[in-house]
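**Student:** This is the structure I want to talk about, given as structure tokens.
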Amino acid sequence: MTIANLVQSQSDYGVDLVGSTLKTHWYQAETGYDLTHFSIDWEAETVTCPQGRTSSSWTPVQDAGKSLIKVKFSQSDCKVCPARASCTGTTRRTLTLHPREQMQALFAARKREETDEFKDSYRHRAGIEGTHSQGVRTMGLRRSRYIGLPKTHLGHVAVAAAVNIVQLMSWLRGEAPEQTR
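Dropping the structure here:
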């Protein structure tokens, strides 16, 4: 689930997406200071690092059609910082931020992912993912044999009914559903 999907679904449709967000793959997220350790002041357009240093530049950029913000810290601050190994492997730390509403949505979604309520609702996804996979693999759900929406809809309803019958027959035979990872 992307940040853009989170914001767009909420603003356009009033739908709050339930899903896992993409995790950061930088080494700082595992052993050091990831983005959550930094304090972002959107009005002043500054970022404060965990050691209390303030960013030296805040530059809006376009990357592959996306609006981003590049935040850099001063080399003189980073070179002498005692926590430099936990923060950056270069002479200074650079952060890439998405626009404010997207970052706030991302942080809120990641915080929600840690709650028991989210884990309880998200665990049901494995069941429907398995059902969808069964429809795709065994019944050609992704290909329509018909032209036109009414006939395609009828085909989807038939596949859904067939999946239900297959699952019912498995249940009647006493076969337990396979465990997911």
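Just so we're aligned: the sequence shown equals residues 1 to 181 in this note's numbering.
From the three backbone atoms N, C-alpha and C, an ideal C-beta is built for every residue, glycine too.
Note that this is a predicted model, so its numbers are computed, not measured.
#1: Quick one: give me the first and last residue of the alpha helix (DSSP H) that VAL47 is part of.
#2: Excluding the 5 residues preceding and the 5 following GLU175 in the sequence, name in chain order all residues of the same chain whose CB lies nearer than 8 Å to its CB.
#3: Helix or strand or just coil, what does DSSP make of THR131?
#4: Please go through the same chain and pick out, in chain order, the residues whose beta-carbon is closer than 6 Å to the beta-carbon of VAL159, but skip the five residues on each side of it.
#5: Out of VAL18, MET103, SER144, which one is the CA nearest neighbour of PHE118?
#6: Tell me, please, whether the region 91-109 touches the region 122-130 by the rule of three or more beta-carbon pairs shorter than 8 Å.
#7: Going along the chain, which residues of its own chain have a beta-carbon closer than 8 Å to the beta-carbon of LEU154, five neighbours each way excluded?
#8: Inspect the beta-carbon positions of SER86 and LYS72 and report whether they are closer than 8 Å.
#9: According to DSSP, is GLN62 part of a helix, a strand, or is it coil?
#10: What separation, rounded to the nearest whole angstrom, lies between the Cα atoms of LYS66 and THR46?
#11: Evaluate LEU149 with the Cβ neighbour count: other Cβ atoms within 10 Å of its Cβ, from every protein chain shown; 16 or more gives buried, anything less gives exposed.
#12: From LEU35 to ARG143, what distance separates their C-alpha atoms?
#13: Excluding the five sequence neighbours on either side, which residues of its own chain have a C-beta within less than 8 Å of the C-beta of SER20, listed in chain order?
#14: Suppose contacts are defined by Cβ-Cβ distances below 8 Å. Is ALA109 in contact with LEU6 by that definition?
**Tutor:** The short version:
#1: That residue, VAL47, is in no alpha helix (DSSP H); its beta strand (DSSP E) goes 46-48.
#2: none
#3: helix
#4: GLY135, MET139, LEU141
#5: VAL18
#6: no
#7: TYR146
#8: no
#9: strand
#10: 21 Å
#11: exposed
#12: 42 Å
#13: MET1, GLU113, TYR122
#14: yes
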